[in-house]
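Residue numbers (full-length UniProt numbering), protein chains in the order written: chain A, 1 to 129; chain B, 1 to 129.
Don't be surprised by glycine CBs; every beta carbon is placed ideally from N, CA and C.
Protein chains: 2
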Amino acid sequence: MDISTREMSLTVGEAAERVGLTTYTLRWYEQEGLVGRVGRDSSGRRRYTESDVNWLFLLTRLRRTGMPVRDMRRYAELARHGDSTLGARRALFEAHRARVLARMAELEEDLKVLEHKIDAYRRAEEESG
Amino acid sequence: MDISTREMSLTVGEAAERVGLTTYTLRWYEQEGLVGRVGRDSSGRRRYTESDVNWLFLLTRLRRTGMPVRDMRRYAELARHGDSTLGARRALFEAHRARVLARMAELEEDLKVLEHKIDAYRRAEEESG
DNA sequence: ACTTGACTTCGAGTGCGCTCGAACTGGAAG
DNA sequence: CTTCCAGTTCGAGCGCACTCGAAGTCAAGT
Numbered sequence: 001m002d003i004s005t006r007e008m009s010l011t012v013g014e015a016a017e018r019v020g021l022t023t024y025t026l027r028w029y030e031q032e033g034l035v036g037r038v039g040r041d042s043s044g045r046r047r048y049t050e051s052d053v054n055w056l057f058l059l060t061r062l063r064r065t066g067m068p069v070r071d072m073r074r075y076a077e078l079a080r081h082g083d084s085t086l087g088a089r090r091a092l093f094e095a096h097r098a099r100v101l102a103r104m105a106e107l108e109e110d111l112k113v114l115e116h117k118i119d120a121y122r123r124a125e126e127e128s129g
Numbered sequence: 001m002d003i004s005t006r007e008m009s010l011t012v013g014e015a016a017e018r019v020g021l022t023t024y025t026l027r028w029y030e031q032e033g034l035v036g037r038v039g040r041d042s043s044g045r046r047r048y049t050e051s052d053v054n055w056l057f058l059l060t061r062l063r064r065t066g067m068p069v070r071d072m073r074r075y076a077e078l079a080r081h082g083d084s085t086l087g088a089r090r091a092l093f094e095a096h097r098a099r100v101l102a103r104m105a106e107l108e109e110d111l112k113v114l115e116h117k118i119d120a121y122r123r124a125e126e127e128s129g
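Below, the structure is given as structure tokens:
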């Protein structure tokens, strides 16, 4: 039982790799207030804890579902204000879930258009190729 | 049976409204080669035919599924080259369909994360609210 | 001791997809 | 006949989300 496996802390490069963002983006997220001030070591280098990494991971999911950085910032601010904002955070997620579901419904519609087109091309190829 | 119902032609504003884009965007699409040169009336105004509008509609679906304008341009170029490019166009759509399916799978994953979070907030609210 | 390479901050630059302002024109309504 | 509105072209500008370059620091490896 190595103490380092219990008290993990990662450099910006390691954290970036783990969450699939670049070091540039991680620093920028911090600057933009999407992440609270990350701890530094004695020489001023960022040290990411496991909970920092979990938070970053959540941010990547929000981003990937199309949440604007502006809204992620708002969410981060709520989170920084503790338990009194739990309801607001849930509301934010529920609203976002609705948007994601709507987006998925759109994509399914659009997929149909794509498939129709593919079929039409197939038929046209048979006829003239 | 009015002849105007058979030979429809729309102004840029009407076409924009019908496909859900702005007039700016319609002109820009033309300029960018996403749409072949649209016909003009005697005083130089654009007149969109039904097939122009159908084409534009298809473009909106490609856009909405995340196809970059660059790729839409490539597709438009293929379409302008006639039946010899049917296979290429089908391939382009099939590749795009794969990306859309992958995107939908991602969204479903991300949706799970969202629902977990919502549940967690609900539980936390019960406990401390 | 020196080199290497990942880190620091800062401000500037990039790519995408529009979006708009300016200056002008031309058809239709009152 | 005038007023109005929607259209024209052109180039410039914008918002978003990064992405990068410059100049410097620091710790570890050879």
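Secondary structure of residue i, DSSP reduced to three states
i, result
"Arg40/A", "strand"
"Arg74/A", "helix"
"Arg46/A", "strand"
"Met1/B", "Note that Met1/B scores 39 on pLDDT, short of 50, meaning its location in the model is unreliable; the coordinates nonetheless yield the value given after this. Reduced to three states, the DSSP call for Met1/B is coil."
"Glu32/B", "coil"
"Gly20/B", "coil"
"Met67/B", "coil"
"His81/A", "coil"
"Gly129/B", "coil"
Beta carbon proximity, residue i to chain A, threshold 8 Å
i, result
"His81/B", "no"
"Ser4/B", "Caution is warranted here: a pLDDT of 41 is assigned to Ser4/B, below 50, making its placement in the model unreliable, and the coordinate value is therefore given only provisionally. Cβ-Cβ to chain A under 8 Å: no for Ser4/B."
"Arg37/B", "no"
"Met1/B", "Note that Met1/B scores a pLDDT of 39, beneath 50, so its modelled location is shaky and nothing firm can be said."
"Met72/B", "no"
"Met8/B", "no"
"Thr65/B", "yes"
"Arg61/B", "yes"
"Ala76/B", "no"
"Glu17/B", "no"
Within chain A, partners of residue i - CB distance below 8 Å
i, result
"Val100/B", "Leu107, Asp110, Leu111 and Leu114"
Amino acids of chain B, ordered along the chain, whose beta-carbon sits closer than 8 Å to that of residue i
i, result
"Leu86/A", "Tyr121, Ala124, Glu125, Ser128 and Gly129"
Proximal chain A residues relative to residue i, where beta-carbon distance stays under 7 Å
i, result
"Glu94/B", "Ile118"
"Thr25/B", "Residues of chain A passing the Cβ test: none, with the nearest at roughly 18 Å."
Identified DSSP bridge partners for residue i
i, result
"Leu10/A", "Tyr48/A"
Residue i at chain B interface by Cβ criterion, 8 Å
i, result
"Arg97/A", "yes"
"Arg89/A", "yes"
"Arg103/A", "yes"
"Ser42/A", "no"
Whole-angstrom C-beta distance between residue j and residue i, which should lie under 8 Å
i, j, result
"Gly36/A", "Arg80/A", "6 Å"
"Glu125/A", "Gly87/B", "6 Å"
"Val100/A", "Arg46/A", "Not quite, the Cβ-Cβ distance comes to about 31 Å (not below 8 Å), so this is no contact."
"Glu30/A", "Val38/A", "6 Å"
"Arg89/B", "Tyr75/B", "7 Å"
"residue 159/B", "Glu32/B", "As shown, chain B starts at 1 and ends at 129. That puts residue 159/B outside it, with no answer to give."
"Leu56/A", "Ala15/A", "7 Å"
"Leu10/A", "Tyr48/A", "4 Å"
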